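Chemist:
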Amino acid sequence: MPSPESPSQVLVADASSGRIPVGETVVVKGWVRSRRESKAGGGLCFVTVHDGSCFDPIQVVARPALANFESEVLHLTTGCSVVVTGTLVESRGKGQATEIQADEVVVVGWVEDPETYPVAPKQHSFEYLREVAHLRPRTNTFGAVTRVRHTLAMSLHRFFDERGFWWVHTPIITANDAEGAGAMFRVSTLDVANGHVDFAQDFFGRETHLTVSGQLNVEAYCLAMSRVYTFGPTFRAENSNTARHLAEFWMVEPEIAFADLSDNADLAEACLKYVVKAVLEERGDDMAFFAERIDAGCIDRLEGLVASEFERMDYRDAVAALTKAVDDSVAFEFPVEWGMDLQSEHERYLTEQLVGRPVVVMNYPKDIKAFYMRINDDGRTVAAMDVLAPGIGEIIGGSQREERLDVLDGRIDELGLDRDAYWWYRDLRRYGTVPHAGFGLGFERTVAYITGMANVRDVIPFPRTPRNADF
RNA sequence: UCCGGGGUAGCUCAAUCGGCAGAGCACCGGCCUGUUAAGCCGUUUGUUGUGGGUUCGAGUCCCACCCCCGGAGCCA
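If you count the first sequence from 1, you need to add 4 to reach the numbering used here.
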């Protein structure tokens with residue numbers, strides 16, 4: 005697509021996709037991925053250039069007639085930035101349909117010391133690449149992850165937009181002091197060097213933290229706008245060191261009015277299927293790479309998810325199935341009994357062994373769930389649900405919310421929470437309350453699930469984890 | 001935080017019983033070739049995570065600490 009700055013500039017994606025006709029003069033701007041030489045036909049040099057627009061780089065063919073062939077082109081190394089002007093032609097070699105016969109190669113930026121350039125054209129471990137997070141987007145894998153992540157985000161917005169949802173920007177800084185979703189990061193402008201802290205003197209005149217969920221706030225908008233969702237960063241100060249946890253991550257939280265748990269599960273299933281389908285359709289080149297190099301079964305798994313019905317399973321039945329598994333001598337580390345929370349091993353068994361596709365487990369014991377979840381008629385379970393996916397475990401957690409003020413107050417008291425702290429949340433039950441429900445979808449977990457990447461630290465640009473906030 | 005594994009060249013790793021610290025890749029040079037994870041030959045590359053201890057001698061054994069990875073917990 006021509007830009008005003010440079011009339012013939014094209015993206016690599018356009019040049020290699022057939023959108024630009026062969027014979028056109030084009031300008032490509034990007035970074036060198038590799039260079040190869042051949043002495044054939046008087047000598048020539050193949051330079052592959054990527055600009056992030058698609059998975060495959062484009063091959064530039066440079067000939068000795070170029071003014072800077074000896075002095076510069078032959079010295080290009082991985083990572084150099086270049087502007088190439090030339091003719092788009094059908095490739096004479098295998099491996100690509102089209103390539104650029106270069107009329108001019110301008111080197112914009114050299115790699116200062118090729119020997120120590122951190123991203124060599126070879127396989128690196130993901131652990132190592134985390135140490136060079138500013139350069140890892142130049143690799144195949146992280147370019148692909150970045151594009152899939154983008155497509156997933158865009159398709160989520162599209163899914164909700166098409167269904168009449170409003171995107172609500174809930175606050176990052178919160179004074180909700182007991183959201184019940186884990187340890188929080190404090191936000192303060194006070195100098196705490198002397199130990200004693202008087203929050204009345206702090207910036208907001210009270211103790212504040214980074215949000216652990218936009219749910220409570222978005223409920224207020226739900227009870228006015230009917231269908232709403234949040235999509236933004238979330239912060240947890242837990243000392244979690246796993247492939248599934250980040251201190252800063254992104255979460256999608258839809259909330260629907262006049263809806264129950266079943267509506268909620270329907271929404272979750274439709275949402276996951278929609279976005280997975282979108283990635284399969286729009287990022288075929290990147291998904292082919294993930295299937296080839298990262299996770300051979302990822303495309304089959306996704307196509308299966310789109311085609312199949314999610315299994316709905318009551319918590320009671322999940323426990324029964326697990327008990328039966330124990331009887332059939334499946335070995336679990338943790339005992340199975342009604343009232344327990346499902347352990348990772350139990351979730352994996354249900355979704356991977358028993359069912360082989362995503363499972364929605366519903367109606368958990370109230371004692372292991374949050375205060376805002378709606379008490380069922382049996383008085384001992386709540387209308388909560390978890391969506392479990394093979395390979396990643398819990399990918400969605402949600403519930404119908406308690407809309408009855410007296411019942412909500414009872415739960416707040418029962419758990420030793422302070423009613424006054426939830427004054428505005430309780431107001432929503434005093435003024436035109438309605439049944440409503442919602443869920444949280446972990447964005448990074450979803451990207452990991454789709455791509456087959458094993459660690460959420462490798463599907464977010466600059467991961468924040470305990471002892472790591474570099475970059 | 002708990003359990004387990006690990007930290008050696010720019011990267012990926014090896015190093016026997018405690019006995020001269022090595023290979024592949026990358027980089028650089030040469031040869032070959034419409035090449036494409038190219039191939040062949042050659043050069044260069046070290047505070048063995050940090051601090052202490054044992055020993056004639058420590059990458060290797062002992063102690064402490066730091067960091068990383070995997071699993072668990074917490075959860076999305």
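Beta carbons are placed, not taken as given, at the ideal position from N, Cα and C, and that holds for glycine. Because the structure is a prediction, the values reported are computed rather than measured.
Between residue 468 and residue 241, is the Cβ-Cβ spacing less than 8 Å?
Modeler: Your numbering for residue 468 matches position 464 in the first sequence. Your numbering for residue 241 matches position 237 in the first sequence. Cβ distance not < 8 Å, so residue 468 and residue 241 don't count as in contact.
Chemist: Under 8 Å: do the segment 301-309 and the segment 323-336 share three or more Cβ pairs, one atom per stretch?
Modeler: Contact fails: fewer than three Cβ-Cβ distances are below 8 Å.
Chemist: Taking the continuous beta strand (DSSP E) assigned at residue 366, which residues delimit it?
Modeler: Here residue 366 is taken as the residue at index 362 of the first sequence, counted from 1. 363-369 is the span of the beta strand (DSSP E), which, as asked, contains residue 366.
Chemist: If you draw a straight line from the alpha carbon of residue 441 to that of residue 260, how long is it in whole angstroms?
Modeler: The sequence position of residue 441 within the first sequence is 437, counting from 1. The sequence position of residue 260 within the first sequence is 256, counting from 1. Distance between the alpha carbons of residue 441 and residue 260 is about 6 Å.
Chemist: Please go through the same chain and pick out, in chain order, the residues whose beta-carbon is closer than 8 Å to the beta-carbon of residue 8, but skip the five residues on each side of it.
Modeler: Looking up residue 8 in the first sequence gives position 4. With a pLDDT of 48 at residue 8, under the threshold of 50, the modelled position of this residue cannot be trusted; read the value that follows with caution. Counting only Cβ-Cβ distances below 8 Å, and skipping sequence neighbours, we find nothing.
Chemist: If you count every other CB in all the chains shown that lies within 10 Å of the CB of residue 165, and 16 or more means buried, which is it?
Modeler: Counting from 1 along the first sequence, the entry for residue 165 is found at position 161. So residue 165 ends up on the exposed side.
Chemist: Given residue 206, which residues of its chain have a CB within under 8 Å of its CB, disregarding the five upstream and five downstream residues?
Modeler: Residue numbering aside, residue 206 sits at position 202 when the first sequence is read from its first letter. The answer, listed in chain order, is 192, 193, 194 and 212.
Chemist: What would DSSP say about residue 23, mapped onto helix, strand or coil?
Modeler: One-based indexing of the first sequence puts residue 23 at position 19. Correct three-state label for residue 23: coil.
Chemist: From residue 132 to residue 460, what distance separates their C-alpha atoms?
Modeler: Position 128 of the first sequence holds residue 132. Position 456 of the first sequence holds residue 460. Their Cα atoms are separated by approximately 15 Å.
Chemist: Curious, which full-length alpha helix (DSSP H) runs of at least 4 residues does the segment 352-411 contain?
Modeler: List check, alpha helix (DSSP H) in window: nothing returned.
Chemist: Per DSSP, what kind of secondary structure is residue 5 in: helix, strand or coil?
Modeler: What you label residue 5 is simply residue 1 of the first sequence in a count that begins at 1. Interpretation of residue 5 is limited by its pLDDT of 48, a score under 50 that renders its predicted location unreliable; the figure taken from the coordinates is listed afterwards. Correct three-state label for residue 5: coil.
Chemist: Going along the chain, which residues of its own chain have a beta-carbon closer than 8 Å to the beta-carbon of residue 95, five neighbours each way excluded?
Modeler: Numbered from 1 along the first sequence, position 91 holds the residue referred to as residue 95. Once the five neighbours on either side are set aside, the close Cβ partners of residue 95 are 63, 101, 102 and 103.
Chemist: Alpha carbon to alpha carbon, how far is residue 230 from residue 347?
Modeler: Locating residue 230 in the first sequence gives position 226, counting from the first residue. Locating residue 347 in the first sequence gives position 343, counting from the first residue. Approximately 35 Å between the Cα atoms of the pair.
Chemist: Out of 283, 277, 189 and 429, state which residue places its alpha-carbon closest to the alpha-carbon of residue 243.
Modeler: The residue you call residue 243 lines up with position 239 of the first sequence. Here the closest residue by C-alpha is 189.
Chemist: Could you give the DSSP three-state label for residue 205: helix, strand or coil?
Modeler: As a working mapping, residue 205 is identified with position 201 in the first sequence. If DSSP states are grouped into helix, strand and coil, residue 205 belongs with the helices.
Chemist: For residue 421, which of 457, 359, 225 and 375 has the nearest alpha-carbon?
Modeler: In the first sequence, residue 421 corresponds to position 417, counting from 1. Closest option to residue 421, Cα to Cα, is 375.
Chemist: How close, in whole Å, do the beta carbons of residue 19 and residue 30 come, if the pair is a contact with beta carbons under 8 Å?
Modeler: Numbered from 1 along the first sequence, position 15 holds the residue referred to as residue 19. Numbered from 1 along the first sequence, position 26 holds the residue referred to as residue 30. Contact holds; Cβ gap of about 6 Å.
Chemist: Buried or exposed: which applies to residue 416, given that a residue is buried once 16 or more other Cβ atoms fall within 10 Å of its Cβ?
Modeler: Along the first sequence, one-based indexing puts residue 416 at 412. Buried, since its Cβ has 16 or more Cβ neighbours within 10 Å.
Chemist: Taking all protein chains shown into account, decide if residue 427 is buried (16 or more other Cβ within 10 angstroms of its Cβ) or exposed.
Modeler: Mapped onto the first sequence, residue 427 falls at position 423. Label assigned to residue 427: exposed.
Chemist: One question on the structure: do residue 449 and residue 408 come within less than 8 Å of each other, judged by their Cβ atoms?
Modeler: Along the first sequence, read from residue 1 onward, the residue named residue 449 stands at position 445. Along the first sequence, read from residue 1 onward, the residue named residue 408 stands at position 404. Not in contact: residue 449 and residue 408 (Cβ atoms no closer than 8 Å).
Chemist: Going by the beta-carbon positions, is the gap between residue 234 and residue 209 smaller than 8 Å?
Modeler: The residue given as residue 234 occupies position 230 in the first sequence. The residue given as residue 209 occupies position 205 in the first sequence. Not closer than 8 Å, so no.
Chemist: Quick one, which of 340, 290 and 365 has its alpha-carbon nearest residue 265's?
Modeler: Taking the first residue of the first sequence as position 1, residue 265 is located at position 261. Nearest option by C-alpha distance: 365.
Chemist: Anyone know if the C-beta pair for residue 354 and residue 412 falls short of 8 Å?
Modeler: Locating residue 354 in the first sequence gives position 350, where the first residue counts as 1. Locating residue 412 in the first sequence gives position 408, where the first residue counts as 1. No, Cβ-Cβ distance for residue 354 and residue 412 is not below 8 Å.
Chemist: Does DSSP classify residue 334 as helix, strand or coil?
Modeler: Reading the first sequence from its first residue, position 330 is the one you call residue 334. Three-state DSSP puts residue 334 in coil, outside helix and strand.
Chemist: Leaving aside the five residues before and after residue 17 along the sequence, list all residues of the same chain whose C-beta is less than 7 Å from its C-beta, in chain order.
Modeler: Locating residue 17 in the first sequence gives position 13, counting from the first residue. Excluding sequence neighbours, residue 17 sits near 57 and 58.
Chemist: Which of the three DSSP states, helix, strand or coil, is assigned to residue 255?
Modeler: Here residue 255 corresponds to residue number 251 of the first sequence, with the count starting at 1. In the structure shown, residue 255 sits in a strand (DSSP, three-state: E or B).
Chemist: Check residue 105 in the structure and name its three-state DSSP category.
Modeler: To locate residue 105, count along the first sequence from 1; it is residue 101. Residue 105 falls in the strand class under three-state DSSP.
Chemist: I'd like the list of long-range same chain contacts for residue 87, defined as Cβ closer than 7 Å, with 5 residues on each side in sequence excluded.
Modeler: Within the first sequence, the letter at position 83 stands for residue 87. Correct list, in chain order: 31, 33, 110 and 112.
Chemist: Can you list, in chain order, the residues of its chain whose CB lies under 6 Å from that of residue 388, leaving out five sequence neighbours each side?
Modeler: Here residue 388 refers to the residue found at position 384 when the first sequence is read from its first residue. Correct list, in chain order: 368, 373, 377 and 403.
Chemist: In or out: residue 351 buried (at least 16 other Cβ within 10 Å) or exposed?
Modeler: For the purposes of this step, residue 351 is taken as the residue at position 347 of the first sequence. So residue 351 ends up on the buried side.
Chemist: Apart from the five residues on each side of it in sequence, which residues of its chain come closer than 8 Å, Cβ to Cβ, to residue 6?
Modeler: For the purposes of this step, residue 6 is taken as residue 2 along the first sequence, with counting starting at 1. Note that residue 6 scores a pLDDT of 48, beneath 50, so its modelled location is shaky; the value from the coordinates is reported in the next line. The answer, listed in chain order, is 12, 13 and 14.
Chemist: For a test of the three-state rule: what should DSSP assign to residue 34, helix, strand or coil?
Modeler: For the purposes of this step, residue 34 is taken as the residue at position 30 of the first sequence. Here residue 34 sits in strand by DSSP.
Chemist: Relative to the C-alpha of residue 51, which residue among 278, 83, 22 and 23 is closest?
Modeler: Within the first sequence, residue 51 is the residue found at index 47, counting from 1. The shortest Cα separation from residue 51 among 278, 83, 22 and 23 belongs to 83.
Chemist: What residue range does the beta strand (DSSP E) around residue 441 cover?
Modeler: What you label residue 441 is simply residue 437 of the first sequence in a count that begins at 1. Residues 440-446.
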